[in-house]
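A.B. asks:
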Amino acid sequence: MPLAGRSDLRRLARSSLDLIEGHQHSSGAYPASPDYPVYRYSWLRDGAFIADAMSRAGRPDSAERFFGWCARVLDARADRIADLVDRVGRGEDVPAEQMLPTRYTLDGGDGDEPWWDFQLDGYGTWLWALVAHATRHGRSLEPYRSAVASTVDYLVAFGDRPCYDWWEEHAEHRHVATLGAVVAGLRAVTDVPAGDGGPLLDPARASTARLRTAGVEGLIHIETTRAGHLTKWLGAPAVDGSLLACLTPFEVVDPHGPVAERTYQQVRDQLLRGGVYRYLGDTFYGGGEWLILTAWLGWHEARTGRVELAAERLRWIAAQATPAGHLPEQVSGNPQDPSRIDEWVHRWGPVATPLLWSHAMFVTLALEVEQ
Ligand code: BGC
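Each residue of the sequence shown is one higher than the one before, starting from 942 at the first, in the working numbering.
1. Using a Cβ-based criterion (distance less than 7 Å to any ligand heavy atom), does Tyr980 qualify as near the ligand BGC?
2. Grouping DSSP H, G and I as helix and E and B as strand, with all else coil, what is Ser1081?
3. Let's test the definition: count the other Cβ atoms within 10 Å of the Cβ of Thr1043 and tell me whether it reaches 16, buried, or not, exposed.
4. With a threshold of 16 other CB atoms inside 10 Å of the CB of Glu1113, please say whether the residue is buried or exposed.
5. To which residues of the same chain is Ser1313 closer than 6 Å at the C-beta, ignoring the five residues directly before and after it?
6. Can you tell me whether Met942 is buried or exposed, with buried defined as 16 or more other CB within 10 angstroms of its CB?
7. Please confirm whether any heavy atom of the ligand BGC lies closer than 7 Å to the CB of Ala970.
8. Going by beta-carbon coordinates alone, are Met1370 and Ser1003 separated by less than 8 Å?
9. Would you kindly report the start and end of the unbroken alpha helix (DSSP H) that includes Asp1094?
10. Rounded to a whole number of angstroms, what is the C-alpha to C-alpha distance between Asp1195 and His1287?
11. On the criterion of 16 or more Cβ atoms from any shown chain inside 10 Å, does Asp1206 qualify as buried, or is it exposed?
12. Any residue with its C-beta under 7 Å from a non-hydrogen atom of the ligand BGC counts. Can you list them all in chain order?
13. Tell me whether Gln1039 is buried or exposed, calling it buried when 16 or more other Cβ atoms sit within 10 Å of its Cβ.
14. Is it buried or exposed, Gln1312, if we count other Cβ atoms within 10 angstroms and call 16 or more buried?
15. In the structure shown, what three-state DSSP assignment does Leu950 receive?
16. Confirm, please, whether the CB-CB distance from Phe1008 to His1074 is below 8 Å.
17. So is Pro1291 buried or exposed if we call it buried at 16+ other beta carbons inside 10 Å?
18. Pick helix, strand or coil for Pro1295, following the three-state DSSP scheme.
19. Could you check the C-alpha separation between Leu1068 and Gly1126 for me, to the nearest Å?
20. Does the beta-carbon distance from Ser974 to Ala1265 come in below 8 Å?
21. Is the beta carbon of Asp1106 sitting closer than 8 Å to the one on Ala1118?
22. Tell me Pro1134's beta-bridge partners as DSSP assigns them.
23. Assign Leu1255 to one of three DSSP states: helix, strand, or coil.
24. Suppose the cutoff is 6 Å on Cβ atoms and the five residues either side in sequence are ignored; what does the same chain contact list for Ala1037 look like?
25. Quick one: what's got a C-beta closer than 8 Å to Asp1016's C-beta in the same chain, skipping five residues either side?
26. Looking at the unbroken alpha helix (DSSP H) that takes in Ala1019, where does it start and where does it end?
27. Provide the residue(s) that pair with Tyr1045 in DSSP beta bridges, ordered along the chain.
28. What number of angstroms, rounded off, separates the C-alpha of Arg1167 from the C-alpha of Val1180?
29. Return the Cβ separation of Glu1230 and Gly1216 in integer angstroms, given the expectation that the two are a contact with Cβ distance under 8 Å.
30. Return the CA-CA distance between Ala1023 and Asp1094, expressed in angstroms with no decimal places.
31. Given a cut-off of 8 Å, decide if Phe1225 and Trp1285 are closer than it, judged by their beta-carbon atoms.
This is the structure we're talking about:
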C-alpha cells in the first residue's frame, strides 16, 4: 500500500470537500453516490454526517443548504407526521410501510423505487448535526423550528420501535446504533435556544422529549449491563461497526468510560483487518472493509488519545482512493465471503464510488488527526 504523505492527505481532504460540494444538488441534497444508480438519492443518515463534515471543515453554507433541504422535506410532511403520531397515540398499530422513508429524491420527493424504508436513525442524526452546526458557527435555529418539532414528535412516538438498521437490514430488531441516534438527536434539541426567539422546543414538547430520551437510554443501559458493551441489537451480544457512533460523536455512553472502551475493543478485535467490517457474517459484496467505519474507529481513537492509530486509519483510507481520487464505499481485498461478490456486481454494478459519505468521514478524521 503506497504510504500517503501529509501533503497527499491534505490534497485528498481538499478534493473531497470539492467533490461533495460539486455533487450537492441545487436543492441542498447530497446524493449518496452520483455514479451508482440505486444511490442517486439523499439519505438523512449519509447527508447528516456529510453536512457535519462540511460544517467542521469550514464550509458551513453547504451544510446549511443541506439542513434547509431537510427542513423543507419535513415541513412538507408535517400533516403526515401529525397523523402518524395521532394514530399511534390512539393505540393504533401503524404499519412500518406507512412510516417516513429513509431516503428521498434530490428534489425532496418520496421516490418510487422500493427500498428498505423504515429507518429512524437519520431523523435523530439530522437533529444532532443541525444543533452541532448552529452551535459551532453561531447560527440561528429559528428557521428550523417547525421541522425540528415534527421530527421530535415523530421520534417521541416511534423512537424505540424495531426498524431497519444503518445497513438497511433486520427490521425485526431494535438496533443500538439507531437508538443511539435517537438519543443524540433528542438530547441535542431539548435544551437549546433557537436564537432570539426563546427555546427551540416549547416546554411540553421538551418534557416529552426528555422522557422519551430517558426511556431509550434505559433500554441501552439494561442491554449494556447484560453484555458489558454496546451490542448490535437488543437481546444478543454481537457487535457492529455502527456502534462506534454511540461513542464518538454521539456520546450516548461516556466515550472515555469502561463501556465505550469495551465496545471499542470488541469492534477493533472482531472487525478490524486493514479497514473495518460492518459486522461478522456480512455478505454485501462479499462483506469487505468499509471506509466510513475505518474513519470512525480513527475518530474515536483520536478523541481518546490514540492519535498514532488514528493517523494510521487515515493513511489506510487514503490508500484506497482510485487514481481519480475517489473513495469507494467498501474495498474487497479481505472479503469475508468472496463467493458473494459477483452477485452484487451483477445486480447493481461495481461498489459505489465515489461515496460522498466516505469522503466526508475521511475529512472528519483528517481534521481530528491534524489537531
Ligand atoms: C448502506 C447505508 C447507506 C446507503 C447509501 C447502503 O448500502 O448500508 O448505510 O446509507 O448505502 O450510502
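Glycine residues also receive a C-beta, built at the ideal position from the N, C-alpha and C atoms.
C.D. replies: By the coordinates alone:
1. Sequence index remark: in the sequence shown, residue 980 carries index 39 (1-based). It does: the Cβ of Tyr980 is within 7 Å (strictly closer) of some heavy atom of the ligand BGC.
2. Taking the sequence shown and counting its residues from 1, the one referred to as residue 1081 is at position 140. Coil, per DSSP.
3. Working through the sequence shown from its first residue, we reach residue 1043 at position 102. Classification of Thr1043: buried, given that the 10 Å Cβ count is 16 or more.
4. Here residue 1113 is taken as the residue at index 172 of the sequence shown, counted from 1. That one is exposed.
5. Given a span of 942 to 1312 for the chain in the structure shown, any question on residue 1313 remains unanswerable.
6. Counting from one through the sequence shown, the residue named residue 942 turns up at place 1. The predicted position of Met942 is uncertain, since its pLDDT is 42 and thus under 50; no value can be drawn from it.
7. Counting from 1 along the sequence shown, the entry for residue 970 is found at position 29. Checking every heavy atom of the ligand BGC against the Cβ of Ala970, none is found closer than 7 Å.
8. As displayed, the chain neither begins before 942 nor continues past 1312, which places residue 1370 out of reach and without an answer.
9. Position 153 of the sequence shown, counted from the start, is the residue given in the question as residue 1094. First-last of the alpha helix (DSSP H) with Asp1094: 1086-1099.
10. Start at 1 with the first residue of the sequence shown, and residue 1195 comes out as number 254. Start at 1 with the first residue of the sequence shown, and residue 1287 comes out as number 346. So the two alpha carbons sit approximately 43 Å from each other.
11. In the sequence shown, residue 1206 corresponds to position 265, counting from 1. First, the amino acid is wrong: residue 1206 is Gln here, not Asp. That one is exposed.
12. Ala973, Ser974, Tyr980, Trp984, Arg986, Asp987, Trp1107, Trp1108, Glu1109, Phe1225, Glu1270, Ala1293, Leu1296, Trp1298
13. Indexing the sequence shown from 1 puts residue 1039 at position 98. Under this definition Gln1039 is an exposed residue.
14. As a first step, residue 1312 is located in the sequence shown; it is residue number 371 there, counting from the start. The residue in question, Gln1312, is exposed, as its Cβ has fewer than 16 Cβ neighbours within 10 Å.
15. As a working note, residue 950 is residue 9 in the sequence shown. Note: Leu950 maps to helix in three-state DSSP.
16. The residue you call residue 1074 lines up with position 133 of the sequence shown. The residue you call residue 1008 lines up with position 67 of the sequence shown. Against a cut-off of 8 Å, the Cβ pair of Phe1008 and His1074 comes out as a contact.
17. Within the sequence shown, numbered from 1, the residue matching residue 1291 stands at position 350. Answer is exposed; the Cβ neighbour count stays below 16.
18. Taking the first residue of the sequence shown as position 1, residue 1295 is located at position 354. DSSP places Pro1295 in coil when its eight states are reduced to three.
19. On the sequence shown, position 127 is the one that residue 1068 refers to. On the sequence shown, position 185 is the one that residue 1126 refers to. Roughly 5 Å separates the two Cα atoms.
20. The residue labelled residue 974 in the question sits at position 33 within the sequence shown. The residue labelled residue 1265 in the question sits at position 324 within the sequence shown. Contact: no.
21. For the purposes of this step, residue 1106 is taken as residue 165 along the sequence shown, with counting starting at 1. For the purposes of this step, residue 1118 is taken as residue 177 along the sequence shown, with counting starting at 1. In contact: Asp1106 and Ala1118 (Cβ atoms closer than 8 Å).
22. Here the question's residue 1134 lines up with position 193 in the sequence shown. Paired residues: Pro1140.
23. Here the question's residue 1255 lines up with position 314 in the sequence shown. Looking at Leu1255 - three-state DSSP - the assignment turns out to be helix.
24. Position 96 of the sequence shown, counting from 1, holds the residue named residue 1037. Counting only Cβ-Cβ distances below 6 Å, and skipping sequence neighbours, we find Phe1059.
25. Residue mapping note: residue 1016 aligns to position 75 of the sequence shown, counting from 1. Within the same chain, Asp1016 has close Cβ partners Ser1087, Ala1088, Ser1091.
26. Residue mapping note: residue 1019 aligns to position 78 of the sequence shown, counting from 1. Run containing Ala1019: 1019-1030, per the alpha helix (DSSP H) assignment.
27. On the sequence shown, residue 1045 is found 104 positions in, with the first residue counted as 1. Tyr1045 pairs with Ser983.
28. For the purposes of this step, residue 1167 is identified with residue 226 of the sequence shown, where counting begins at 1. For the purposes of this step, residue 1180 is identified with residue 239 of the sequence shown, where counting begins at 1. Those two C-alpha atoms are separated by around 14 Å.
29. Taking the first residue of the sequence shown as position 1, residue 1230 is located at position 289. Taking the first residue of the sequence shown as position 1, residue 1216 is located at position 275. Confirmed, about 3 Å.
30. Within the sequence shown, the letter at position 82 stands for residue 1023. Within the sequence shown, the letter at position 153 stands for residue 1094. Cα to Cα, the separation comes out at about 8 Å.
31. Locating residue 1285 in the sequence shown gives position 344, where the first residue counts as 1. Locating residue 1225 in the sequence shown gives position 284, where the first residue counts as 1. Their beta carbons are under 8 Å apart, which means Trp1285 touches Phe1225 by this criterion.
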